[in-house]
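>
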Amino acid sequence: MSIDDDVALLERVPTLRLLGDASLRMLAIGSEQRDFVRGDILFNLGDDADAGFVVQRGAFRVDDGAGAEMIAGPGTLIGELALVVPMKRPSGAVALENSSVIRVARSLFQRVLESDPAAAVRLRDEFAIRSSQIASDILMAGSKLST
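Just so you know, the numbering used here puts 136 at position 136 of the sequence shown, and the rest follows in order with no gaps.
Written out as structure tokens, the structure reads:
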């Protein structure tokens, strides 16, 4: 895929779209593509997380080890939180078919945010909105359980 194709793919990811064209181009240029065949492991539960992955083609099963799973297809960002904080992987991911991803290293993501403070503010605001929504959802669920 070309850099322009990678930028177009990154633009499909709601979180990354907030960064704007110049920052997406920097991510596309600095990221690496990785290919997988069916059954290949993208990462394991508990691995050190130093990157996020945007699915280019194919699909991955993401499983938290406790029964919750999702299928991540093209345009899906896997490991979003790993882009901003050091952590252990809370899930594992396995290729369900021949697949490819764009690996976005946390160090690259942070450099991009440092070079574009306005993008960093947009991202921070998005995370704040999400955190508020999660807190609200938890309160709503708690109130339904106590009745």
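In this text, a Cβ means the ideal position worked out from N, Cα and C, and glycines have one as well.
(1) Alpha carbon to alpha carbon, how far is LEU108 from GLN33?
(2) Near ALA59, which residues of its chain fall below 7 Å by C-beta distance, leaving aside the five closest residues on each side in sequence?
(3) Whose C-beta lies closer than 6 Å to the C-beta of LYS88 among residues of the same chain, with five residues either side of it excluded?
(4) Is DSSP giving SER99 helix, strand or coil here?
(5) So is ARG106 buried or exposed if we call it buried at 16+ other beta carbons inside 10 Å?
(6) What are the start and end residues of the alpha helix (DSSP H) that includes VAL55?
(7) So GLU114 is in the alpha helix (DSSP H); what residue range does that whole segment cover?
(8) ALA83: which of ALA28, GLY67 and ASP50 sits nearest, CA to CA?
(9) Going by C-alpha to C-alpha distance, which of SER23, ARG17 and VAL7 sits closest to PHE112?
(10) Cα-Cα, which of PHE53, VAL54, PRO90 and GLY75 is closest to GLY67?
(11) Label GLY79 either buried or exposed according to how many other C-beta atoms from any shown protein chain fall within 10 Å of its C-beta, with 16 as the threshold for buried.
(12) Using CA coordinates, which residue listed in VAL37, ILE41, ASP4 and ASN44 is at the minimum distance from GLY30?
Straight from the coordinates:
(1) Approximately 14 Å, taken between the alpha carbons.
(2) ILE71, ALA72, GLY73, LEU96, GLU97 and SER99
(3) GLY46
(4) strand
(5) buried
(6) Looking at the DSSP string, VAL55 is not in any alpha helix (DSSP H); the run it does join, the beta strand (DSSP E), is 51-57.
(7) 106-115
(8) In the sequence on display, residue 83 carries Leu and not Ala. When only C-alpha atoms are compared, the closest one is ASP50.
(9) Contrary to the premise, residue 112 reads as Val rather than Phe in this sequence. For VAL112, the nearest C-alpha among the options comes from SER23.
(10) PRO90
(11) buried
(12) ASP4
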